[in-house]
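Letter by letter, the sequence shown follows residues 1329 to 1698 in my numbering. Positions of the beta carbon are idealized from the N, C-alpha and C atoms, including for glycine. Note that the structure is a prediction, hence the values are computed from the model and not measured. Only one structure is covered here, and it is reproduced in the block below.
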Amino acid sequence: MNYKDKVMIKPKDIFLFFLTVIPLLEILLILFDDRGLQIWRRKIHLDMIHEEEGVKFGAFMKSDAFDKILGWDDPAEVPSSETKYIAQSYGDSFTLTVSGESWQKQFLKLNGQGIINLGSQGYGLDQAVLKHQKVSSNYNDIYNTKYSILGINGEMYRKTLNYYAPNYFTTMQEAWFVFKPIYTKSNNSFKLILPPCDDKICLINGLKDINSDIYNNIKNYDYWFNHEIKKPELKFPRLLSYTIALPKIIELKMQRKYRAPYYFINNHSIDLAKYLILNFCETSYNQNITPIILLMYSKYELVGIMKNKREDEWLLKYFRLNNIRYVDTSLQFLKYIEEGGDIDDLFGSDSLHFSIKGDSLVSTALIQAF
């Protein structure tokens, strides 16, 4: 037998190889299915909207939480007549807080001056700034506050790209039939699109007709809707599904290693963050109030900062360039960790929001800034 005969691979051998390997890979890939919940196309609320009963469409708009401009709002804290308030604070649940001893309360205990808590659960940066524009002058007239605080954490940047809430809050039924405002950009100019409906019939017509203006706005402007529908479906053959999903798998791995952006998804999200923060500052200046940006960080972000992988470094430079006053709470958090503290002690049972200890570090950072 010569050398060519020894190395020649017959078509039959190739067929047998794939006949053996591909079924084995199909079985092995099943083991990875539950690790890819962010990879595969999920069933979102718009997929099942035609199954919904009409009465459900109007339920949220009849609730006290509904707001025509903001989408929703939490009941405002009633300030105490016995407290001298130095500031108003706006933001999402990191500002509202869930620890039971908010950083505003702890600030009052340590400083003797109050901060009015106007945070609301689930807010994007856009909603927090719009709420500030809507109510801050009323609070300033009554309490003569010196500062307006805009509390920001990373998820708020991502939520500015959302219009129909269930496209972002994919697992929360409380978000069904709920819209939020969204900013679009055309010819270097931002335009605000408000929640489209304040009655049931409008919502039914808008969501059940895929050719409606409401549905078209979702398709055109809601980043998270398009992000979801572009994902591959997990189906047989799995090998093909995983091959199609490979770019997304790589992206997620890069994000986990802080090598790809997670909070600032695209240039629009960066430009919009600048625009909104400048709007917040301008509204404050017009009321003779000093604006302060309060930066609060998740566990993921803090670990990244400790590794010198900071996604918002450009934002800090932007603040300094524009003389925008800000408080970087990560300094207090990292100091606590460097002195032997456990990072897990700074977060509550959900591992997302701050614990009482975490909120105490926010109040300490503010006291030092003031």
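Beta-carbon contacts of residue i that lie in its chain and below 7 Å, excluding the five residues immediately before and after
{"i": "TYR1591", "result": "GLY1482, TYR1485, ARG1486 and GLU1639"}
{"i": "TYR1331", "result": "Note that TYR1331 has pLDDT 49, beneath the 50 cutoff, so the model's placement of it is unreliable and no number is given."}
{"i": "MET1329", "result": "With a pLDDT of 49 at MET1329, under the threshold of 50, the modelled position of that residue is not reliable, and no figure is offered here."}
{"i": "ILE1684", "result": "SER1427, GLY1428 and GLU1429"}
{"i": "GLU1629", "result": "GLY1482"}
{"i": "ASP1526", "result": "MET1389 and LYS1396"}
{"i": "TYR1711", "result": "Nothing can be reported for residue 1711: it is not among the residues displayed for the chain, which extend from 1329 to 1698."}
{"i": "ALA1404", "result": "LEU1446"}
Own chain residues within Cβ distance below 8 Å of residue i, not counting five before or after
{"i": "LEU1438", "result": "SER1691, THR1692 and ILE1695"}
{"i": "GLY1479", "result": "SER1417, TYR1418, GLY1419, ASP1420, PHE1422, THR1423, GLY1447, ALA1456, LEU1622 and MET1624"}
{"i": "LYS1563", "result": "SER1569"}
{"i": "LYS1559", "result": "ILE1367, TRP1368, ARG1369, ARG1370, ALA1573 and LYS1576"}
{"i": "ALA1387", "result": "PHE1505"}
{"i": "GLY1399", "result": "GLN1455, ALA1493, VAL1506, PHE1507, LYS1508, PRO1509 and PRO1523"}
{"i": "LYS1282", "result": "In the structure as shown, the chain begins at 1329 and stops at 1698. Residue 1282 is therefore absent and cannot be evaluated."}
{"i": "ASN1490", "result": "GLY1452, TYR1496, LYS1508, ILE1510, ASP1550, TYR1551 and TRP1552"}
Residue i to residue j span [Cα, whole Å]
{"i": "LEU1659", "j": "ASP1672", "result": "16 Å"}
{"i": "LYS1528", "j": "MET1389", "result": "8 Å"}
{"i": "LYS1508", "j": "ILE1397", "result": "8 Å"}
{"i": "SER1464", "j": "ALA1601", "result": "20 Å"}
{"i": "ALA1415", "j": "ILE1578", "result": "44 Å"}
{"i": "ALA1393", "j": "GLY1450", "result": "12 Å"}
{"i": "HIS1378", "j": "GLN1501", "result": "16 Å"}
{"i": "PHE1698", "j": "SER1626", "result": "24 Å"}
{"i": "ASP1599", "j": "ASN1445", "result": "27 Å"}
{"i": "LEU1436", "j": "LYS1412", "result": "9 Å"}
{"i": "LEU1604", "j": "ILE1546", "result": "21 Å"}
{"i": "PRO1407", "j": "GLN1432", "result": "12 Å"}
{"i": "SER1688", "j": "GLN1434", "result": "6 Å"}
{"i": "GLY1668", "j": "THR1488", "result": "36 Å"}
{"i": "GLY1676", "j": "PHE1682", "result": "6 Å"}
{"i": "ASP1678", "j": "VAL1383", "result": "33 Å"}
{"i": "GLU1381", "j": "TYR1646", "result": "48 Å"}
{"i": "ASP1537", "j": "HIS1555", "result": "21 Å"}
{"i": "SER1409", "j": "GLY1442", "result": "11 Å"}
{"i": "THR1657", "j": "GLY1686", "result": "10 Å"}
{"i": "LYS1462", "j": "SER1391", "result": "20 Å"}
{"i": "THR1611", "j": "LEU1644", "result": "21 Å"}
{"i": "ARG1584", "j": "ASP1402", "result": "33 Å"}
{"i": "HIS1373", "j": "ILE1557", "result": "12 Å"}
Start and end residues, alpha helix (DSSP H) containing residue i
{"i": "GLN1660", "result": "1658-1666"}
{"i": "PHE1422", "result": "1421-1424"}
{"i": "PHE1553", "result": "1551-1557"}
{"i": "PRO1575", "result": "1566-1584"}
{"i": "ILE1532", "result": "1528-1536"}
{"i": "GLY1382", "result": "1382-1385"}
{"i": "SER1540", "result": "First-last for SER1540: undefined, no H or E at that position."}
{"i": "ILE1684", "result": "1684-1697"}
Segment limits, beta strand (DSSP E) that includes residue i
{"i": "TYR1413", "result": "1413-1418"}
{"i": "ILE1510", "result": "1510-1514"}
{"i": "ILE1521", "result": "1517-1521"}
Contacts around residue i, its chain only, beta-carbon distance under 6 Å, and the 5 residues preceding and following it disregarded
{"i": "MET1582", "result": "ALA1588"}
{"i": "GLY1632", "result": "TYR1586"}
{"i": "ILE1477", "result": "ALA1415, SER1417, ILE1620 and LEU1622"}
Residue i Cβ short of 7 Å to the ligand ATP heavy atom set
{"i": "TYR1511", "result": "With respect to small molecules bound, the structure shown includes none, and the ligand ATP cannot be examined in it."}
At 4 residues or longer, and completely inside the region 1431-1475: list those alpha helix (DSSP H) runs for me, N to C. Whole alpha helix (DSSP H) segments, 4+ residues: 1431-1439 and 1453-1471.
Taking only runs that begin and end inside the region 1599-1676, name each unbroken alpha helix (DSSP H) of 4 or more residues, in chain order. At a cut-off of 4 residues, the continuous stretches assigned as alpha helix (DSSP H) that sit fully inside the region 1599-1676 are 1627-1634, 1641-1649 and 1658-1666.
Going along the chain, which unbroken runs of the beta strand (DSSP E) with 3 or more residues stay wholly within the region 1471-1507? With a minimum length of 3 residues, the continuous beta strand (DSSP E) runs that stay inside the region 1471-1507 are 1475-1480.
When you compare the region 1553-1569 with the region 1516-1534, are there three or more beta-carbon pairs, one atom per stretch, that lie closer than 8 Å? As far as the Cβ criterion goes, the region 1553-1569 does not touch the region 1516-1534, which means the pair count is below three.
Mind the definition here: the region 1536-1556 touches the region 1505-1525 only if three or more C-beta pairs lie below 8 Å; say whether that holds. Contact between the region 1536-1556 and the region 1505-1525 is present, because at least three Cβ pairs lie under 8 Å.
Validate contact between the region 1633-1648 and the region 1572-1591 using beta carbons, cut 8 Å, 3 pairs: Contact holds: three or more Cβ-Cβ distances are below 8 Å.
At least three beta-carbon pairs within less than 8 Å, the region 1464-1474 to the region 1610-1621: The count of Cβ pairs closer than 8 Å, one atom from the region 1464-1474 and one from the region 1610-1621, reaches three, so the stretches are in contact.
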